[in-house]
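Please read the structure below before turning to the comments.
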Amino acid sequence: MRIAQIAPLYESVPPRLYGGTERVVSWLVEELVSQGHDVTLFASGDSLTTARLISVCPQALRLSPDSTDPLAHHINLVEQVMQERDRFDIVHFHIDYLHFPVSRSLDLAQVTTLHGRLDIPDLVPLYREFSEMPVVSISNAQREPLPWINWQGTVYHGMPENSCRPRLEAGKYLAFLGRISPEKGVDHAIEIAKKSGIPLKIAAKVDNADKDYFENHVKHLLSDNLIEFVGEIGDEAKNDFLGNALALIFPINWSEPFGIVMIESLACGLPVVAYPRGSVPEIIDDGVTGFLVNGVDEAVSALQRISTIDRAVCREQFEQRFSVSRMAQDYLKIYQRIVKQELKPISLTDGDLSWMKLEPPSNTT
Numbered sequence: 301m302r303i304a305q306i307a308p309l310y311e312s313v314p315p316r317l318y319g320g321t322e323r324v325v326s327w328l329v330e331e332l333v334s335q336g337h338d339v340t341l342f343a344s345g346d347s348l349t350t351a352r353l354i355s356v357c358p359q360a361l362r363l364s365p366d367s368t369d370p371l372a373h374h375i376n377l378v379e380q381v382m383q384e385r386d387r388f389d390i391v392h393f394h395i396d397y398l399h400f401p402v403s404r405s406l407d408l409a410q411v412t413t414l415h416g417r418l419d420i421p422d423l424v425p426l427y428r429e430f431s432e433m434p435v436v437s438i439s440n441a442q443r444e445p446l447p448w449i450n451w452q453g454t455v456y457h458g459m460p461e462n463s464c465r466p467r468l469e470a471g472k473y474l475a476f477l478g479r480i481s482p483e484k485g486v487d488h489a490i491e492i493a494k495k496s497g498i499p500l501k502i503a504a505k506v507d508n509a510d511k512d513y514f515e516n517h518v519k520h521l522l523s524d525n526l527i528e529f530v531g532e533i534g535d536e537a538k539n540d541f542l543g544n545a546l547a548l549i550f551p552i553n554w555s556e557p558f559g560i561v562m563i564e565s566l567a568c569g570l571p572v573v574a575y576p577r578g579s580v581p582e583i584i585d586d587g588v589t590g591f592l593v594n595g596v597d598e599a600v601s602a603l604q605r606i607s608t609i610d611r612a613v614c615r616e617q618f619e620q621r622f623s624v625s626r627m628a629q630d631y632l633k634i635y636q637r638i639v640k641q642e643l644k645p646i647s648l649t650d651g652d653l654s655w656m657k658l659e660p661p662s663n664t665t
């Protein structure tokens, strides 16, 4: 199959450090190539891939000192894809809705994976207008704000089995991995560590948009002897960071669409203690691969029982549910259906839109 994968340009594919969507795109691209498919990747020029690479900008935009208008590069990305579209059996977009105005009017077999949050009122009129566009969710929970758009399936992220080695002996510190921002709950992770008396290592990046939050709400919390701020780490350091920990603390206070760090933890054999918001209950099996808790006190109590979680079972669950081969097969089924023009019908279920007090579309035209 001739497949085009369209990645965001903010990070390279794979990303050098933090970067969720670009990391998933890399895993998918390399697996599809290994299965014998003809794959073209549209991405930044510093990307590394066994696929054919079409470079849209020389360097990942987040790390480029010369980039001040990322939208300009993404508009150019869409144009380059459209110029090449006849070379592909299907085009798989990972850039949200940027291409919708152009690609809807073309005879193009296409699908878009939505990687971000959808509980934003501004998105409702947009998806009302583009309700025919075939899209894929990364969790069932992600769909809840917009259940009536043209969902073609849910495909959980999957990563290569050899990317992490499981560690079956429990470590002595708690791990927080990802990004410092209000919705990620690092302040709760710190409080959990302090109340439990267990050291916490924080490996996380601070985006420019979150610098004020870090300076004003987090930085002073790092002075405790139990807390170690490691900073942003890349893939090569994750296995040791997660594998040597006692548990991952994931106290999010938003509807996380997926949360790659959870499957990275399971791949390392690391149990997860998390707040059950968004996709978390779909990924973590309470009492089997970790504990779902409501608040700091429940998390502290769960850590007293963390030894009851079998780290080998965590790894087994990763292999069964979150491998890259499974992800690729799920996408290939959707590709084949779309190429054959066997799209699933658009749902007319109203769902609960009380969160934003707007009505869903009355029809699909």
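Numbering-wise (my numbering), the sequence shown opens with residue 301 and increments by one.
Note that CB positions come from ideal geometry on N, CA and C, so glycine has one too.
Report the CB separation of E322 from V329 in whole angstroms; it is logged as a contact under 8 Å.
Contact doesn't hold; Cβ gap of about 10 Å is too wide.
Have a look at E469 and L546 and give me their C-alpha separation to the nearest angstrom.
Their backbone Cα atoms lie some 9 Å apart in a straight line.
Mark G584 as exposed unless 16 or more other C-beta atoms lie within 10 angstroms of its C-beta, in which case mark it buried.
According to the sequence displayed, residue 584 carries Ile and not Gly. By the 10 Å Cβ count, I584 comes out buried.
For D597, is the classification buried or exposed, using 16 other Cβ atoms within 10 angstroms of its Cβ as the cut-off for buried?
By the neighbour-count rule (16 or more Cβ atoms within 10 Å), D597 is not buried but exposed.
Enumerated in chain order, which unbroken segments of the beta strand (DSSP E) with a length of 3 residues or greater are wholly contained in the stretch 445-520?
Listed in chain order, the complete beta strand (DSSP E) runs (minimum 3 residues) inside the stretch 445-520 are 451-454, 474-479, 500-505.
Which same chain residues, not among the five before or five after C614, have their C-beta less than 7 Å away from its C-beta?
Correct list, in chain order: L566, G569, L570, P571, T589.
Whether or not the stretch 524-531 and the stretch 546-562 are in contact is what I'm after, with contact meaning three or more pairs of Cβ atoms, one per stretch, closer than 8 Å; do they touch?
At 8 Å Cβ cutoff, the stretches do not touch.
According to DSSP, is L648 part of a helix, a strand, or is it coil?
Confidence at L648 is low in this model, with a pLDDT of 39, below 50, so the placement of that residue should be treated as unreliable; the coordinate-derived value is given next. In this structure, L648 counts as coil in the three-state DSSP scheme.
Please list the terminal residues of the continuous alpha helix (DSSP H) segment that includes L735.
In the structure displayed, the chain extends from 301 to 665; residue 735 sits before or after that span and is not available.
Does DSSP put V250 in a helix, a strand or coil?
Because the chain spans 301 through 665 in this model, residue 250 falls outside it and cannot be assessed.
Is I549 closer than 8 Å to V518 when the C-beta atoms are compared?
In this structure, I549 does not lie closer than 8 Å to V518 by Cβ.
Going by the CB atoms, is the gap between F476 and I563 shorter than 8 Å?
Not a contact, by the Cβ cut-off of 8 Å.
Would you list the one or two residues that DSSP bridges to V411?
The partner list for V411 (beta bridge, DSSP) reads H392.
Among the residues of its own chain, which have a CB less than 6 Å from the CB of A304, if the five just before and after it don't count?
Counting only Cβ-Cβ distances below 6 Å, and skipping sequence neighbours, we find T340, F388, V391.
Taking I449 as the reference, which of A441, E432, P460 has the closest Cα?
Per the Cα distances, E432.
Can you tell me whether DSSP reads G590 as helix, strand or coil?
In the structure shown, G590 sits in a strand (DSSP, three-state: E or B).
Would F558 pass as a contact of A503 if the rule is Cβ separation under 8 Å?
No, the pair does not count as a contact, with Cβ atoms beyond the cut-off.
Could you spell out where the beta strand (DSSP E) holding Q305 opens and where it closes?
Residues 302-306.
Residues in the same chain with beta-carbon distance under 6 Å from G320, minus the five sequence neighbours each way, listed in chain order, please.
Answer for G320: I560, listed in chain order.
Whole angstroms is fine: what's the gap from Y456's alpha carbon to N462's?
Going by the C-alpha atoms only, they are around 18 Å apart.
Whole angstroms is fine: what's the gap from K657's alpha carbon to P421's?
Only weak support exists for where K657 lies, its pLDDT of 37 falling under 50; the coordinates are left without a value.
How should A509 be labelled, buried or exposed, when 16 other C-beta atoms within 10 angstroms of its C-beta is the threshold for buried?
The residue in question, A509, is exposed, as its Cβ has fewer than 16 Cβ neighbours within 10 Å.
What residues in its chain sit with their C-beta under 6 Å from that of R611, if we drop five residues either side in the sequence?
The answer, listed in chain order, is L468, G569.
Going by beta carbon distance, what residues of the same chain come within less than 6 Å of G543, once the five residues before and after it are set aside?
Correct list, in chain order: R467, C568.
Going by DSSP in three states, E532 sits in which element: helix, strand or coil?
Of the three classes helix, strand and coil, the one that applies to E532 here is coil, per DSSP.
Keeping to the same chain, check which residues put their C-beta closer than 8 Å to that of D652; ignore five residues upstream and five downstream.
Residue placement at D652 cannot be trusted, given a pLDDT of 41 that sits under 50; what the coordinates show is reported in the next sentence. Here the set comprises E444.
Using C-beta distances below 6 Å, list every residue in its chain close to T665, excluding the 5 sequence neighbours before and after it, in chain order.
In this predicted model, T665 has a pLDDT of only 33, less than 50, meaning its place in the structure is not dependable enough to derive any value.
Can you tell which of A489, K505, Y473 has its C-alpha closest to the C-alpha of R479?
Here the closest residue by C-alpha is K505.
Based on the DSSP output, what are the partners of L353 in its beta bridges?
Beta-bridge pairing links L353 to L341.
When we look at the beta-carbon of R362 and count the other beta-carbons within 10 Å, is it buried (16 or more) or exposed?
Classification of R362: buried, given that the 10 Å Cβ count is 16 or more.
Out of curiosity, what's the CA-to-CA distance linking V356 and P370?
Roughly 12 Å separates the two Cα atoms.
G453 and I634 look like a contact to me (Cβ under 8 Å); what is the Cβ gap, rounded to whole Å?
With 8 Å as the limit, G453 and I634 qualify as a contact, their Cβ atoms being about 5 Å apart.
With burial defined as no fewer than 16 other Cβ atoms inside 10 Å of the residue's Cβ, what is the status of L423: buried or exposed?
Buried.
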